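Enquirer: Right, I'll just put the structure down here and ask away after.
Written as structure tokens, this is what we have:
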């Protein structure tokens with residue numbers, strides 16, 4: 054009952070925050086009075102008008118790209134992070150490489166990836182997954198490295214081998230870090246998605262926003278695309294929170310925002 058009340062309070066706070074933002078937006082639009090900043094009523098009208106048509110199609114394409122990218126990054130980076138966290142020798146070998154590559158802005162590799170893989174969906178998925186890979190890898194590695202040695206020794210004393218340690222110790226202990234990495238990756242993935250969808254594509258929210266704002270100068274529809282991209286990130290964030298409550302209930306107070 055207490056957790057249900059907390060969830061309700063959290064949703065009330067979110068709704069109140071949205072109401073405050075809309076009120077500030079309305080006030081700013083009334084002060085500026087320029088087409089580049091239409092009031093939220095016009096944007097919401099454009100949003101609900103466009104969703105059944107082109108905007109809905111662009112939303113589905115962008116959603117698919119983000120989800121596939123996040124899944125690809127997690128499936129490749131999480132096991133590697135656990136391996137580095139449980140093997141000090143491998144960690145010493147690869148840590149200098151991570152130290153050099155992690156701060157490099159991967160967005161600069163967009164033209165290279167497009168030249169190597171073409172301009173289809175694969176290149177855009179790889180670009181986003183590449184950027185997310187290092188975020189997931191570092192967080193999971195640090196979580197696996199922080200496991201108490203006495204816990205590992207106690208499991209080994211029961212006859213557990215490396216595979217059993219991975220399954221029953223390192224993986225469960227790394228689940229909160231994996232979930233945190235996914236939550237952090239959602240915002241990054243949506244931001245990179247906009248950049249990736251500006252190159253040689255006719256589908257996606259990034260393309261839709263650029264087309265409406267910079268070609269047609271239809272600012273209500275442009276902001277409708279921005280709203281759709283915001284809802285995409287918010288929806289994925291809420292979905293990960295729900296997943297965290299199911300597979301990591303002991304971290305309930307940690308995952309709620």
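Numbering (this note's numbering), first residue to last: 54 to 310.
Cβ coordinates follow ideal geometry from the N, Cα and C atoms, glycine included.
For clarity, every value in this text was computed on a predicted model and none was experimentally measured.
In whole angstroms, what is the alpha-carbon distance linking residue 175 and residue 255?
Expert: Position 122 of the chain shown holds residue 175. Position 202 of the chain shown holds residue 255. If I take the Cα positions, the gap works out to 15 angstroms.
Enquirer: Can you tell me whether residue 118 is helix, strand or coil according to DSSP?
Expert: Taking the chain shown and counting its residues from 1, one reaches residue 118 at position 65. Three-state result, residue 118: helix.
Enquirer: Give the single residue among 232, 283, 208 and 233 whose Cα lies nearest to the Cα of residue 221.
Expert: Taking the chain shown and counting its residues from 1, one reaches residue 221 at position 168. Of 232, 283, 208 and 233, the residue nearest in Cα terms is 208.
Enquirer: Going straight from the alpha carbon of residue 223 to that of residue 165, what length do you get?
Expert: The sequence position of residue 223 within the chain shown is 170, counting from 1. The sequence position of residue 165 within the chain shown is 112, counting from 1. Taking the straight line from one Cα to the other gives about 36 angstroms.
Enquirer: Which stretch, first to last residue, makes up the alpha helix (DSSP H) that contains residue 254?
Expert: On the chain shown, position 201 is the one that residue 254 refers to. Taken as a continuous stretch (DSSP letters only), residue 254 belongs to no alpha helix (DSSP H), as it is neither H nor E.
Enquirer: Among the residues of its own chain, which have a CB less than 6 angstroms from the CB of residue 280, if the five just before and after it don't count?
Expert: Counted from its first residue, the chain shown places residue 280 at position 227. So the list reads 100, once near-sequence residues are dropped.
Enquirer: Among the residues of its own chain, which have a CB less than 8 angstroms from the CB of residue 96, if the five just before and after it don't count?
Expert: For this step, residue 96 is matched to residue 43 along the chain shown. The answer, listed in chain order, is 273, 276, 277 and 280.
Enquirer: What do you get for residue 297, buried or exposed, if any count of 16 or more other CB atoms within 10 angstroms of its CB means buried?
Expert: Residue 297 sits at position 244 when you count from the first residue of the chain shown. It is buried - the Cβ of residue 297 has at least 16 other Cβ atoms within 10 Å.
Enquirer: Return the Cβ separation of residue 151 and residue 187 in integer angstroms, given the expectation that the two are a contact with Cβ distance under 8 angstroms.
Expert: Mapped onto the chain shown, residue 151 falls at position 98. Mapped onto the chain shown, residue 187 falls at position 134. Correct: roughly 7 angstroms between the Cβ atoms.
Enquirer: Does the beta-carbon distance from residue 180 to residue 245 come in below 8 angstroms?
Expert: Within the chain shown, residue 180 is the residue found at index 127, counting from 1. Within the chain shown, residue 245 is the residue found at index 192, counting from 1. Closer than 8 angstroms, so yes.
Enquirer: How should residue 261 be labelled, buried or exposed, when 16 other C-beta atoms within 10 angstroms of its C-beta is the threshold for buried?
Expert: Reading the chain shown from its first residue, position 208 is the one you call residue 261. Residue 261 should be labelled buried.
Enquirer: Can you tell me where the alpha helix (DSSP H) holding residue 177 begins and where it ends?
Expert: For this step, residue 177 is matched to residue 124 along the chain shown. Segment 174-198, the alpha helix (DSSP H) holding residue 177.
Enquirer: Based on Cα-Cα distance, which residue from 270, 253, 236 and 225 lies nearest to residue 302?
Expert: Residue numbering aside, residue 302 sits at position 249 when the chain shown is read from its first letter. Of 270, 253, 236 and 225, the residue nearest in Cα terms is 225.
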